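Participant:
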Amino acid sequence: MKKFQGRVVTPGEATAEAVVTKEGFNTLASLQMALQFGDKEVKCGDQSNKELYGKSLLGKALCLPQTIGSTTGGLVLYCACSMQKNPACMLFANHIDSLAAAGAVLADVWVDGVTMPVIDGLGEEFLNYVKDGMKITVKPNGVVEVE
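The sequence shown begins at 0 in numbering that gives the first Met the number 0 and counts up one residue at a time.
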């Protein structure tokens, strides 16, 4: 097991299977099919992201460098949480952008019964180490354990 320390953006604990991308994560393109068209498995719909396209994001530990794309990204994250179609957690190698942070914080404050811990600043070593299918545990203090 390897441990990484990041900064807590939204608090919580989670244990989930990793899905990993080293490309930017387009929140709208990735989650649109689930939110608008009822994809119950929440498969990534972003054809530009070859690492995630077609993979289920629901209840997974989403490991990414940063989000990219539309200014709707924060609202999309909030909606995913309010519809319970969100990843178990989001783990950023880089610092989170303001749009993704806004969506995560709004969901944390306004959505009852849904917790999606978000940790940023985990570093390139984290993103190079973690692989799809690895078990990820997020601790309340921003420690991320990868098995």
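Quick reminder that beta carbons are idealized off the backbone N, C-alpha and C, glycines included.
In this text the structure is predicted, and so the values were computed from the model without any measurement.
(1) Could you tell me how far apart the beta carbons of K62 and V19 are, in whole angstroms, since I believe they sit closer than 8 Å?
(2) Per DSSP, which residues does M32 bridge with? Please list them.
(3) Tell me the DSSP secondary structure of V110 in three-state form.
(4) Please name the residue in G11, S97, E144 whose C-alpha comes closest to that of F67.
(5) Starting from the Cα of M115, find the closest Cα among A33, F24, K59, N48 and give me that residue.
(6) Check C62 in the structure and name its three-state DSSP category.
(7) So, under 8 Å CB-CB, P86 and L105 are touching, yes? Tell me the CB distance rounded to an integer number of Å.
(8) Considering only residues of the same chain and omitting the five flanking positions on each side of K42, which have a CB-CB separation below 6 Å?
(9) Could you give the distance in angstroms between the alpha-carbon of G102 and the alpha-carbon of E50?
(10) Could you name the residues of the same chain whose beta carbon sits closer than 6 Å to that of G11, not counting the 5 residues immediately before and after it, in chain order?
Facilitator: According to the structure shown:
(1) Your numbering for residue 62 matches position 63 in the sequence shown. Your numbering for residue 19 matches position 20 in the sequence shown. Checking the displayed sequence, the identity of residue 62 turns out to be Cys instead of Lys. That pair is a contact at about 4 Å.
(2) As a working mapping, residue 32 is identified with position 33 in the sequence shown. Beta-bridge pairing links M32 to no other residue.
(3) Stepping through the sequence shown from its first residue, residue 110 is reached at position 111. Coil, per DSSP.
(4) The count along the sequence shown starts at 1 and reaches residue 67 at position 68. Sequence inspection shows Ile at residue 67; the Phe mentioned does not correspond to that position. Of G11, S97, E144, the residue nearest in Cα terms is S97.
(5) In the sequence shown, counting from the first residue as 1, residue 115 sits at position 116. It is K59 whose Cα lies nearest to the Cα of M115.
(6) Here residue 62 corresponds to residue number 63 of the sequence shown, with the count starting at 1. Here C62 sits in strand by DSSP.
(7) Taking the sequence shown and counting its residues from 1, one reaches residue 86 at position 87. Taking the sequence shown and counting its residues from 1, one reaches residue 105 at position 106. Their Cβ separation, rounded to whole angstroms, is 16 Å, which puts P86 and L105 out of contact at 8 Å.
(8) As a working note, residue 42 is residue 43 in the sequence shown. Counting only Cβ-Cβ distances below 6 Å, and skipping sequence neighbours, we find G53, S55.
(9) As a first step, residue 102 is located in the sequence shown; it is residue number 103 there, counting from the start. As a first step, residue 50 is located in the sequence shown; it is residue number 51 there, counting from the start. Cα to Cα, the separation comes out at about 23 Å.
(10) The residue you call residue 11 lines up with position 12 of the sequence shown. Hits under 6 Å: T114, P116.
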